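Chemist: The following block contains the structure, expressed as structure tokens.
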């Protein structure tokens, strides 16, 4: 049996979330999504952060950790931050990380 595409909120593990956020590119992606006021973004919004192959890898790590939700829409994939789920599972974590990262926004 394969794992679900997105972990349930109660299945998110702090170690996996922190490991995913330990990479500069993945932290930048989460920061962009946090500043995006909850609006989903296409993969093309992140192309300045690396190659398509590299971004695919980073987005998979973020999805597996439960940080983002990927929703297919036609030929596009819409990526959104799972802020409500993260806040429910780890209250204040995302806001603290974005503040510590200097993103100067409200996640």
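Numbering (the numbering used here), first residue to last: 27 to 133.
Positions of the beta carbon are idealized from the N, C-alpha and C atoms, including for glycine.
Since the model is a prediction, treat every value here as computed from it, not as a measurement.
List the endpoints of the continuous beta strand (DSSP E) containing residue 104.
Modeler: By one-based count along the chain shown, residue 104 stands at place 78. 102-107 is the extent of the beta strand (DSSP E) around residue 104.
Chemist: Distance check for residue 120 and residue 109, CA to CA, integer angstroms please.
Modeler: On the chain shown, residue 109 is found 83 positions in, with the first residue counted as 1. On the chain shown, residue 120 is found 94 positions in, with the first residue counted as 1. Residue 109 and residue 120: Cα-Cα distance of roughly 8 Å.
Chemist: Could you please give the first and the last residue of the uninterrupted beta strand (DSSP E) stretch that includes residue 99?
Modeler: Residue numbering aside, residue 99 sits at position 73 when the chain shown is read from its first letter. Run containing residue 99: 94-99, per the beta strand (DSSP E) assignment.
Chemist: Roughly how many angstroms lie between the CA atoms of residue 38 and residue 91, to the nearest whole one?
Modeler: Counting from one through the chain shown, the residue named residue 38 turns up at place 12. Counting from one through the chain shown, the residue named residue 91 turns up at place 65. Straight-line Cα distance between these residues: approximately 6 Å.
Chemist: Taking the Cβ atom as the reference point for each residue, do residue 87 and residue 46 lie within a distance shorter than 7 Å?
Modeler: Residue numbering aside, residue 87 sits at position 61 when the chain shown is read from its first letter. Residue numbering aside, residue 46 sits at position 20 when the chain shown is read from its first letter. With contacts defined by Cβ atoms closer than 7 Å, residue 87 and residue 46 form a contacting pair.
Chemist: For residue 115, I'd like the list of residues in its chain whose CB is within less than 6 Å of its CB, leaving aside the five on either flank, ordered along the chain.
Modeler: Stepping through the chain shown from its first residue, residue 115 is reached at position 89. Counting only Cβ-Cβ distances below 6 Å, and skipping sequence neighbours, we find 35, 38.
Chemist: Measure how close the beta-carbons of residue 84 and residue 61 come, nearest whole angstrom, since I'm counting them as under 8 Å.
Modeler: The residue given as residue 84 occupies position 58 in the chain shown. The residue given as residue 61 occupies position 35 in the chain shown. Their Cβ separation, rounded to whole angstroms, is 17 Å, which puts residue 84 and residue 61 out of contact at 8 Å.
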